[in-house]
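Enquirer:
Numbering (full-length UniProt numbering), first residue to last: 1 to 374.
1. What does the alpha-carbon distance come out to for the pair residue 331 and residue 287?
2. Just to confirm my understanding: we take residue 209, look at its own chain, exclude 5 residues before and 5 after, and list those with CB closer than 8 Å. What are they?
3. Take the Cβ of residue 298 as the centre, count every other Cβ of all protein chains shown within 10 Å, and call the residue buried at 16 or more, exposed below.
4. Look up residue 122 in the DSSP assignment and say whether it is helix, strand or coil.
5. Going by C-alpha to C-alpha distance, which of 368, 309, 371 and 317 sits closest to residue 26?
6. Using a threshold of 8 Å, state whether the C-beta atoms of residue 361 and residue 305 are closer than that.
7. Can you tell me the Cβ-Cβ gap for residue 121 and residue 205, rounded? I've got them flagged as a contact below 8 Å.
8. Mind checking whether residue 78 and residue 113 have CB atoms under 8 Å apart?
9. Are the CB atoms of residue 307 and residue 342 nearer to each other than 8 Å?
10. Identify, in the order they occur along the chain, each residue of the same chain with its Cβ nearer than 6 Å to the Cβ of residue 349, setting aside the five sequence neighbours on each side.
11. If you drop the 5 nearest sequence neighbours on each side, which residues of the same chain put their C-beta closer than 6 Å to that of residue 271?
12. Ignore the nearest five residues each way along the sequence and tell me which others in residue 162's own chain have a CB closer than 7 Å to its CB.
13. Does the distance from the C-beta atom of residue 62 to that of residue 279 stay below 8 Å?
14. How about the stretch 126 to 143 and the stretch 181 to 192: do they share at least three Cβ pairs that are nearer than 8 Å?
15. Express the C-alpha separation of residue 106 and residue 358 in angstroms, rounding to a whole number.
Below you can see the structure in the form of structure tokens.
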């Protein structure tokens, strides 16, 4: 059967159905010839560029020039006309750092700044960038502490209890502080938390300005969260998520801060686990391309994995395309490969999928290769 109409209109070529074996999958509406683009998506809810590539990857088209720093960054002249006259904008004209945004060309910089309300996101990025050096300076790479956090036994109630503590005790305490005192409560964070905070900032910004009836918004709300599976495997992530929330709660301007709730943050991060697509270098062989980070496309997150996928995914600039690589018959399941591990031996491949994506692959190839040889 088809599932909620919220995700029925993702593509004219397929529909999302609840499967008999559990979960959801995409099934073709009719015969689809090889070479057909069954999905083309440009509306990501959020993007995270790895810290090491933050100056080397264009933040608009994701171009990369062999580790060279992008030539164009933001200066105050670029953004001053975007600030509404009556806005209480916290961007400092004399100390503007560029919001951590870099571009390959004037065209890409201009295109990025033409997005509606983009000054709100630039302001969020700039505030974070201003405070990050002091937060990073206090960060202690204590392996013993990380091991301790990773030794916690995780359950749904443990996760809920941690967030209840934030909501009942930490938030009221912060709310009673003056702005300067609040800033003194910013936690110590690493580059990993910094990049995740930027990802959540963009997700909040995009969700705030999306039409509530648009397919991206509806598909995002229906995405499955892998919070419990991921945190059970890496308990330190619960502490990580709390640092992300605390930083955002203290720093976000009201225009975006009003979007921040604990349930929404948990859904943003819980759906990123298991639904994000890798942001890879274009035009290079799989074994030699660079991994720039990740992005989330809700409409594209309903494809299941197969070790013999009938759809190939690839990036073209800031767009993801999904092309049929073999003729597909009506009602056939449409599958992609999740992780680029198709060349691995069966046991290693299945273990990687189970560890990274939280499922035991039962595709036809795996079932065939697991059959005993007589």
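Don't be surprised by glycine CBs; every beta carbon is placed ideally from N, CA and C.
Expert: Quick look at the numbers:
1. 34 Å
2. 116 and 117
3. buried
4. helix
5. 309
6. yes
7. 4 Å
8. yes
9. yes
10. 341
11. 223 and 225
12. 238 and 242
13. yes
14. yes
15. 42 Å
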